[in-house]
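Note sheet for the following structure.
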Amino acid sequence: MTFEVCNEPGCEKTAVFSSNYCFKHSDNKEEISQSARTFIKENSIIKNLNFSGIELNNIDFSSKKILFSRFSHSSLQNCNFDKTDIISVFMDFSLLTNCSFKNSNIKLSVFGGSDFRKSIFEDTVLVFCNLLGANISDILFNNSDLSHSRFINSITTSILFYNCNLKKSVFNSIDFDKKSLKTSNCEDAIIVTYKKNNLKESEIIK
60 MTFEVCNEPG
70 CEKTAVFSSN
80 YCFKHSDNKE
90 EISQSARTFI
100 KENSIIKNLN
110 FSGIELNNID
120 FSSKKILFSR
130 FSHSSLQNCN
140 FDKTDIISVF
150 MDFSLLTNCS
160 FKNSNIKLSV
170 FGGSDFRKSI
180 FEDTVLVFCN
190 LLGANISDIL
200 FNNSDLSHSR
210 FINSITTSIL
220 FYNCNLKKSV
230 FNSIDFDKKS
240 LKTSNCEDAI
250 IVTYKKNNLK
260 ESEIIK
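Numbered according to my numbering, the sequence shown spans residues 60 to 265.
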């Protein structure tokens, strides 16, 4: 994905949707936000677009295709991503609280540094994704494929993995729930470190 650079002298950020400036340097922020919301609502395919920094709360993305786009540092709270294809998308450092990703197909996407609290991943494909340093708490992963995704240095609490494919997924300092973990193939995951107060090393792979 390639986006134009912001017209503000000295700024190296990329211009956002319907503007020649990044969101920070845009004078018509409210107009840009409304235009972005309208576009998303009216289009089933969102491709090669930059919504970085824009507040997009309470939007229904369900059954849409989001491809090669950026939502970095955006607010996406209370959004519905059910049955959504999310391919090669940047949602790093975004707020993704109280979101639903049921039956969604997420591949090759970046969520590093994002806030993923109180969200649901059920019957979801989340493969080859980067969640480096994400805040992942009060999350349910149910019947989902998380293979080859990286949960490195993530801040994690109250995460449930029920019947999930964890093949080649990488975990570092994850607060595992022992009961739910038994239903997933944790022996095929790459567990670098873990929180000892919750689980012994030998118990992780049983």
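Cβ coordinates follow ideal geometry from the N, Cα and C atoms, glycine included.
For Ser232, the enclosing beta strand (DSSP E) begins and ends at 229–233.
The continuous beta strand (DSSP E) containing Ser196 extends over residues 194–201. The three-state secondary structure of Leu225, taken from DSSP, is coil. The C-beta separation of Phe170 from Ile198 comes to about 12 Å, leaving the pair out of contact by the 8 Å criterion. In this structure, Ser213 lies near Leu190, with their beta-carbon atoms less than 7 Å apart. Across the set Tyr221, Val229, Asn162, the C-alpha of Val229 shows the shortest separation from the C-alpha of Cys188. For Phe98, the enclosing alpha helix (DSSP H) begins and ends at 88–101. For Lys238, the enclosing alpha helix (DSSP H) begins and ends at 237–240.
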